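Structure first, commentary second.
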Amino acid sequence: MTKKRPLEGIRILEVASMIFGPLAGQYLGDMGADVIKLEPPEGDLTRSIGPRRSPLMGAFFLTSNRSKRSIVVDLKKPEGQEVLMKLVGKTDVLLHSLRTPAANRLGLDYAKLSKDNPRLIYCHVTGYGDEGLYAGRPAYDDIIQAASGLADLQTVIAGQPRFVPTIIADKISGVHAAYAITMALLHRERTGEGQQVDVAMFETMAAFNMMEHQWGHAFEPPIAGMGYAPVATAARRPYKTKDGYLALLPYSDANWRRFFELAGEPQIMVDPRFTTFAARQKHFREVWDEIERQVARKTNAECLALLSSEDVPFSVVNALEDLPN
């Protein structure tokens, strides 16, 4: 018997392109929602990105549009706009990434739609939102990495701002949009009320970065600067073994005692720099130097043999090609 998924029976109309909005739709489709994706006659831009076996079925499109049905609707034509409005009237959730002037021209404003469908969840995904200094500006992943401080954080490693080599702003924002829509559906289940949900990439990623890096500015007035030093440093990197690399992070006192026992040097644990969690936080660079010294003596296989049966957090550094296996 197939297990019923939580969003079965929910219909979502997706009028979004590229990654942010479509990823949100994909996650909701994976949870059982019936996601109908509207595409222009030329198709979503991601259909042409990446390798493909069939025309307009590129890798990017396949990995961000799973669990959906696509239909072609030309929103530039009156008959296409008529189809759009008919679909909106029969949907639980409208998910769109159109900028506000374009949405209004099509009649996709929440005030109007909610009069005809008061249970509608209206989710608008944007770069900067509809209010504030940057409202309405176009944005893609690189732009938001720069605006949110993420690119600048790479300065500690590269010596100058760099983009993270994954479309992290699109992906994190897509998760947040799916989460926000799910919460709106829960609210509707309890109250019968629809609502408008706005998810902006900039706000999402600024909050994402500030979780640890707000640091002393979590207080008013600030009691220290910004930036969580143990992660904002070039010293934070995988450790070199004899034949590869290893990520290793003993955390608790018990983790550290066992690590030094396995290394054959249990006496190191009496060093006051390593004895307590607070001491290790203060002397994190010396702590990492000690791990590096221990790991450099062994091969990856030797590290695996020692650590696999132990309750010490670790992983070898996998290449992308290793992940399918």
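For the sequence shown, numbering that gives the first Met the number 0 gives the first residue as 0, with consecutive numbering after it. In this text, a Cβ means the ideal position worked out from N, Cα and C, and glycines have one as well. Keep in mind the model is a prediction, meaning the values are calculated, not measured.
Separation of residue j from residue i, as counted between CA atoms
i	j	result
Ile-70	Gly-243	48 Å
Asp-129	Val-198	10 Å
Ser-233	Ala-217	It is worth fixing the name first, because residue 233 is Ala in this sequence and not Ser. Each residue's alpha carbon lies about 24 Å from the other.
Glu-188	Ala-177	16 Å
Met-0	Ile-142	Confidence is the limiting factor: at Met-0 the pLDDT is only 49, short of 50, which leaves the residue's position unreliable and the question unanswerable from this model.
Lys-170	Ala-262	39 Å
Tyr-109	Val-124	13 Å
Gln-213	Lys-281	18 Å
Gln-293	Met-209	33 Å
Pro-164	Arg-236	16 Å
Leu-76	Asp-43	At residue 76 the sequence reads Lys, which differs from the Leu that was named. Cα to Cα, the separation comes out at about 18 Å.
Leu-132	Ala-138	14 Å
Residue i classed as buried or exposed, judged by whether at least 16 other C-beta atoms fall within 10 angstroms
i	result
Lys-111	exposed
Tyr-373	The structure shown has nothing for residue 373, since the chain only spans 0 to 324.
Ile-166	buried
Thr-154	exposed
Val-269	exposed
Thr-275	exposed
Ser-307	exposed
Integer-rounded CB distance, given that residue j should sit under 8 Å from residue i
i	j	result
Leu-119	Ile-180	Between Ile-180 and Leu-119 the Cβ distance is about 12 Å, and since that is not below 8 Å, they are no contact.
Tyr-238	Glu-291	5 Å
Thr-99	Gly-57	About 29 Å; that fails the 8 Å criterion.
Ala-146	Phe-201	6 Å
Ala-205	Ser-96	With a Cβ gap of about 19 Å, Ala-205 and Ser-96 do not count as contacting.
Pair within 8 Å by beta-carbon distance, residue i and residue j
i	j	result
Ser-63	Asp-29	no
Asp-91	Ile-156	no
Thr-240	Asn-324	no
Leu-184	Val-87	no
Lys-89	Arg-68	no
Residue i (DSSP reduced to helix, strand or coil)
i	result
Thr-125	strand
Glu-130	coil
Arg-10	strand
His-282	coil
Val-34	strand
Asp-73	coil
Gln-153	coil
Gln-326	A query on residue 326 cannot be resolved here, the shown segment of the chain reaching from 0 to 324 and no further.
Minimum Cβ-Cβ distance from residue i to chain B less than 8 Å
i	result
Thr-181	Looking for chain B here will not work: only one protein chain is present.
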